[in-house]
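Read the structure below first, then the notes.
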Amino acid sequence: MTSYVEIDTDITFAFDVKEILDAVLEQTLTQEKCPYEAQVNLLITDDEGIREFNRQFRQVDSPTDVLSFPMIPFEREADFSIVEAEEADCFDPDSGELLLGDIIISAQKVLEQAEKYGHSTKREFAFLTAHSMLHLCGYDHMEQEQAKAMEQKQEQILVRLGITRED
5 MTSYVEIDTD ITFAFDVKEI LDAVLEQTLT QEKCPYEAQV NLLITDDEGI REFNRQFRQV
65 DSPTDVLSFP MIPFEREADF SIVEAEEADC FDPDSGELLL GDIIISAQKV LEQAEKYGHS
125 TKREFAFLTA HSMLHLCGYD HMEQEQAKAM EQKQEQILVR LGITRED
């Protein structure tokens, strides 16, 4: 498992973002029964930075908390069998790891939402990371049933990591 973190903001956190990313990545892959070692990229930016990505890729000219850019064209959530047919496009030729995709998180939104929801910045960061990891595994929340399933999975990931609202 490999993760890369790029920080494009002066905002810092009192926890190790790579450590949390790696824990959430590993727990998500275990929970979703991914049979491969995987690779994820994370960019931590500010509201203006994520607003630009949101405008460019989603045609929404406002900041958001997290953006996910999956590399795998899942037909069904967490059905990793699809990558066998797309092997050349889905695996890093050097490491052999499954290329899951990219995550972009607004550090400003992490701070704002942690305060708004009354929990730690660590918990908010882990929540957004889990949310994005599920998107990278093919989940979506466009319909109410999908959203409920995704929320349950996010909560399971955080509970298994011991990251609660009290943290």
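Note that the working numbering numbers the sequence shown so that position 152 is 156, with each residue one more than the last. Every residue gets a Cβ at the ideal spot worked out from N, C-alpha and C, and that includes glycine.
**Asked** Is the distance from the Cβ of residue 103 to the Cβ of residue 75 below 8 Å?
**Response** yes
**Request:** Ignore the nearest five residues each way along the sequence and tell me which others in residue 65's own chain have a CB closer than 6 Å to its CB.
**Result:** 59
**Supposed close pair residue 44, residue 29 - CB separation, criterion 8 Å** = 6 Å
**Message:** Measuring CB atoms only, is the stretch 40-56 touching the stretch 105-116, in the sense that at least three cross pairs come out at less than 8 Å?
**Reply:** yes
**Prompt:** How is residue 18 classed by DSSP in three states: helix, strand or coil?
**Reply:** coil
**Item:** Segments assigned alpha helix (DSSP H), at least 4 residues, entirely inside the stretch 42-128
**Value:** 51-62, 86-89, 91-94, 111-121
**Asked** When the distance is taken between beta carbons, is residue 110 closer than 8 Å to residue 54?
**Response** yes
**Asked** Ordered along the chain, which non-local residues of its own chain (more than five positions away) have a Cβ less than 6 Å from that of residue 128?
**Response** 114, 117, 118
**Request:** Go ahead and pull the three-state DSSP assignment for residue 6.
**Result:** strand
**Asked** Can you list, in chain order, the residues of its chain whose CB lies under 6 Å from that of residue 15, leaving out five sequence neighbours each side?
**Response** 111
**Item:** Neighbourhood of residue 5 by C-beta, 8 Å cutoff - its chain only, sequence neighbours within 5 removed
**Value:** 26, 29, 30, 33, 41, 42, 43, 101
**Prompt:** By Cβ distance below 8 Å, which residues in the same chain neighbour residue 150 in space, the five residues on each side in sequence not counted?
**Reply:** 143, 144
**Asked** Could you check where the alpha helix (DSSP H) with residue 157 kicks off and where it finishes?
**Response** 148-165
**Asked** Based on Cα-Cα distance, which residue from 20, 50, 82 lies nearest to residue 36?
**Response** 82
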